[in-house]
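Trainee: These protein sequence lines are chains A and B, in that order. The working numbering numbers the first residue of the first sequence as 4 and each following residue consecutively. The working numbering numbers the first residue of the second sequence as 4 and each following residue consecutively. For glycine and all other residues, C-beta sits at the position ideal for the given N, C-alpha and C. In this text the structure is predicted, and so the values were computed from the model without any measurement.
Protein chains: 2
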Amino acid sequence: MTRTQQLQQEINTLISSQKFNGNPPALYAPIAYIMEQGGKRLRPLLTLMACDLFEGNIPDALYPALAVEMFHNFTLVHDDIMDKAPLRRGKETVYKKWNADIAILSGDTMFAMAYQYTLKTKTQLVPSILQVFSKAAIEVCEGQQLDMDFEKQEEVSIAEYLNMIRLKTAVLLGASLEIGAVVAQASPGQVKAIYDFGIALGMAFQLKDDLLDVYGTQADFGKVSGGDIASNKKTYLLLKALQLADDQTRKSLKSLYRSDNQTETTQKIKQVKAIFAQLNVQNEVEKVMQTYYQQAVEILAHLEADEVKKKELADYASFLYSRDY
Amino acid sequence: MTRTQQLQQEINTLISSQKFNGNPPALYAPIAYIMEQGGKRLRPLLTLMACDLFEGNIPDALYPALAVEMFHNFTLVHDDIMDKAPLRRGKETVYKKWNADIAILSGDTMFAMAYQYTLKTKTQLVPSILQVFSKAAIEVCEGQQLDMDFEKQEEVSIAEYLNMIRLKTAVLLGASLEIGAVVAQASPGQVKAIYDFGIALGMAFQLKDDLLDVYGTQADFGKVSGGDIASNKKTYLLLKALQLADDQTRKSLKSLYRSDNQTETTQKIKQVKAIFAQLNVQNEVEKVMQTYYQQAVEILAHLEADEVKKKELADYASFLYSRDY
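See below:
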């Protein structure tokens, strides 16, 4: 078993040992439902890996890692209401299975539980962990708001889009790693570097997600294929396509994405994908994704830490980069 | 100016000095809107008063007090979505003025901001403050869930109702005071006593709220009069009425509260109030409210602290008890 697999197992064991069910059942059943689904659990793993990288004490990082995972799942529960997403990890979303009110309130409880988990570590670490955690939490909300704003906004630049995914996705990967480094009492330079590594990795990760939403299969990815197209999300794929398209194609594309467009969803996804293929935007996204991934690899290469452990993190980053789910 | 008024002014000054507006505007405008509305701001005042009572340093308690107020307002923003409440403090609720998605996300941001405020005090106080704060936050969610469950539940006992309002309302008043005591580094006995005082006061406070919802005027109270009746809330008034009523009256009352009842809302409120009057339930609620208030007064009387400051808190409790808004 690799060190990464060991750490992954520590996370899974901790999560399995938690009693998410409680009273009132209507509040806690959705929490148990989503937390026991699994998912990649990559954020808590990053916390442990960063702690390990800087020679920290893994048990001190376990609950902060769980806090990050709980927070991430809370954002999914609330985002799925706003995005009206029916599926998540191949299962019904909380708001679909129960209702929006329950999804709101169970999500709120998860947020408070996440904070409670951050307290289960060495007392002197708590204020610094919370600083990182709260800042990230606010930025994730800002990112989600921008994502919603963009759905209604006529023009979105690629720079605006990249800023949005930085806030919505990359920041939490950065914070997950930063919290691990804080637990290990790494130097300020190391803390900054591992955060920056997380941001670059997070950007690549989200661009991969955008690709998988269109080109992944539902069985692997666990969400509805083409969901971003169906809900008129302005992803990098779309923005690049609008940039590369001739006037005629741009007009067709814009009309397909108009909120009053009447094209049946499967048809709409098919037509949009045809335009994407014609403009070869998949290749364009892969290029920018590669740039971010390379950035992450370089930050890691320059980081002062044990080479074996750096290799573990580099391998995990490479795995995330090449995943197809 | 009394000491209480001075402390109230410190809160108001702190809140006025905050910049709640930020980017993206769609996320922060609702936060500024609700935070700048005013309201009683009784929870942060309780934090400062408890800190003062135990000879703490008021500046250390200011941001934790703001955290409590921000958290309370966050719960209002989310509760108003679930309760479909059109008015709050005489103004449109956030979900009505914007929409549910924005109310969800602005609320989430407020929750994260509340946690961020708790960090703006002496570092060594942070873990204890957060312990109190997170426990209360989870209990408030449990209370809100029970409140929603009760709307659909055929039979609710008075004991169940009292437990619900303890969680939904009293716990946060207790926690507000406890946080002030923690900042002042009061003894464990003092911390427990001031929390218990807050619970008793909070119970009286919520029963008063139930009364005002039915018998207050909208201009004073800032909510729709009879809103609890309109939304089939099982309040103490209703539960007591069901207990005291003869079979015939109980049947009428139950039928008025049935979710498929077609009576026009103003009519329904009028008919329910007539039954309440006939059974004199207002008097019954006042009796139990008086019991809790008396409990609070006695806990305070036995508390080891400066008599002048105890008097300030007792006077404020009396003011809350006799308020009519």
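Quick one: using the 10 Å Cβ neighbour count with 16 as the cut-off for buried, is alanine 308 of chain B buried or exposed?
Mentor: The residue in question, alanine 308 of chain B, is buried, as its Cβ has 16 or more Cβ neighbours within 10 Å.
Trainee: Considering leucine 306 of chain B, what are the terminal residues of the alpha helix (DSSP H) in which it resides?
Mentor: Per DSSP, leucine 306 of chain B lies in no alpha helix (DSSP H) segment and is marked neither H nor E.
Trainee: Tell me, which residues are paired with leucine 90 of chain B by DSSP?
Mentor: B:Glu95
Trainee: Residues of chain B with CB closer than 8 angstroms to the CB of proline 27 of chain A, please, in chain order.
Mentor: Glu145, Gln148, Leu149, Asp152
Trainee: Identify every run of the alpha helix (DSSP H) within the segment 166 to 191 of chain B, keeping only runs that are complete inside it and at least 4 residues long; order them along the chain.
Mentor: For the segment 166 to 191 of chain B, whole alpha helix (DSSP H) runs of length 4 or above, ordered along the chain, are 174 to 186.
Trainee: Determine the DSSP secondary structure at glycine 59 of chain A, reduced to helix, strand or coil.
Mentor: coil
Trainee: My output table needs one value for leucine 108 of chain A: the three-state DSSP class, helix, strand or coil.
Mentor: helix
Trainee: If you follow the alpha helix (DSSP H) that glycine 146 of chain A is in, where does it begin and where does it stop?
Mentor: 129 to 155
Trainee: Distance cutoff 8 angstroms, beta carbons only. Does serine 137 of chain B sit that close to anything in chain A?
Mentor: The beta carbon of serine 137 of chain B sits closer than 8 angstroms to some beta carbon of chain A.
Trainee: Measuring only the C-alpha atoms, how far is serine 179 of chain A from histidine 305 of chain B?
Mentor: 47 angstroms
Trainee: How is threonine 322 of chain B classed by DSSP in three states: helix, strand or coil?
Mentor: This sequence places phenylalanine at residue 322 of chain B; threonine is not what is there. Phenylalanine 322 of chain B falls in the helix class under three-state DSSP.
Trainee: Check whether the Cβ atoms of leucine 49 of chain B and isoleucine 14 of chain B sit closer than 8 angstroms, and answer yes or no.
Mentor: Against a cut-off of 8 angstroms, the Cβ pair of isoleucine 14 of chain B and leucine 49 of chain B comes out as no contact.
Trainee: Using a Cβ-Cβ distance cut-off of 8 angstroms, determine whether tyrosine 118 of chain A contacts chain D.
Mentor: Of the chains in the structure shown, none is chain D; the protein chains are A and B.
Trainee: Are isoleucine 107 of chain B and isoleucine 105 of chain A touching if we call contact CB-CB under 8 angstroms?
Mentor: no
Trainee: Count the other CB atoms within 10 Å of the CB of glutamate 145 of chain B; is the residue buried (16 or more) or exposed (fewer)?
Mentor: buried
Trainee: Using a Cβ cut-off of 9 angstroms, which residues of the segment 165 to 199 of chain B contact any Cβ in chain A, in chain order?
Mentor: none
Trainee: Does the separation of the CB atoms of tyrosine 324 of chain B and alanine 203 of chain B fall below 8 angstroms?
Mentor: Going by C-beta atoms, tyrosine 324 of chain B is not nearer than 8 angstroms to alanine 203 of chain B.
Trainee: With the cut-off set at 8 angstroms, would you say glutamine 193 of chain B and phenylalanine 23 of chain B are in Cβ contact?
Mentor: no
Trainee: When you check each C-beta in the segment 97 to 109 of chain A against every C-beta of chain B, which residues fall closer than 7 angstroms?
Mentor: Asp104, Ile107, Leu108
Trainee: So what does DSSP say about serine 255 of chain A, is it helix, strand or coil?
Mentor: helix
Trainee: State buried or exposed for proline 47 of chain B, treating a residue as buried only when at least 16 other CB atoms are found within 10 Å of its CB.
Mentor: Counting Cβ neighbours within 10 Å, proline 47 of chain B comes out buried, since at least 16 surround it.
Trainee: Give the straight-line distance between the Cα atoms of threonine 238 of chain B and isoleucine 61 of chain B, rounded to the nearest whole angstrom.
Mentor: 37 angstroms
Trainee: For a contact meaning CB atoms closer than 9 angstroms, what does isoleucine 37 of chain B contact in chain A?
Mentor: Residues of chain A passing the Cβ test: none, with the nearest at roughly 16 angstroms.
Trainee: Leaving out five residues on either side along the sequence, give the residues of the same chain with a beta carbon under 8 angstroms from the beta carbon of leucine 214 of chain A.
Mentor: If we look at leucine 214 of chain A and ignore the five residues flanking it on each side, its Cβ neighbours are Leu240, Gln285, Val288, Glu289, Met292.
Trainee: With a cut-off of 8 angstroms on the beta carbons, I'd call alanine 248 of chain B and leucine 256 of chain B a contact; round off their distance for me.
Mentor: Contact annotation, alanine 248 of chain B with leucine 256 of chain B: C-beta distance approximately 6 angstroms; criterion of less than 8 angstroms satisfied.
Trainee: Find out if the Cβ-Cβ distance for the pair leucine 282 of chain B, lysine 271 of chain B is shorter than 8 angstroms.
Mentor: no
Trainee: Measure from the alpha carbon of aspartate 82 of chain B to the alpha carbon of each residue in B:Asp111, B:Gln156, B:Leu65, then state which is nearest.
Mentor: B:Asp111
Trainee: Apply the 10 Å Cβ neighbour rule to phenylalanine 322 of chain B and answer buried if 16 or more other Cβ atoms are within range, or exposed otherwise.
Mentor: That one is exposed.
Trainee: Pull up the distance between the alpha-carbon of phenylalanine 279 of chain A and that of isoleucine 132 of chain B, whole angstroms please.
Mentor: 53 angstroms
Trainee: With DSSP collapsed to three states, give me the class of glycine 201 of chain B.
Mentor: helix
Trainee: Please state whether DSSP places leucine 210 of chain B in a helix, a strand or coil.
Mentor: Here leucine 210 of chain B sits in helix by DSSP.
Trainee: Going by beta-carbon coordinates alone, are alanine 70 of chain A and threonine 16 of chain A separated by less than 8 angstroms?
Mentor: no
Trainee: Helix, strand or coil for threonine 268 of chain B per DSSP?
Mentor: helix
Trainee: Compare the C-alpha of alanine 53 of chain B against each of B:Gly230, B:Asp327, B:Val185 and name the closest.
Mentor: B:Val185
Trainee: Would you mind stating whether isoleucine 84 of chain B and tyrosine 66 of chain B have Cβ atoms separated by less than 8 angstroms?
Mentor: no
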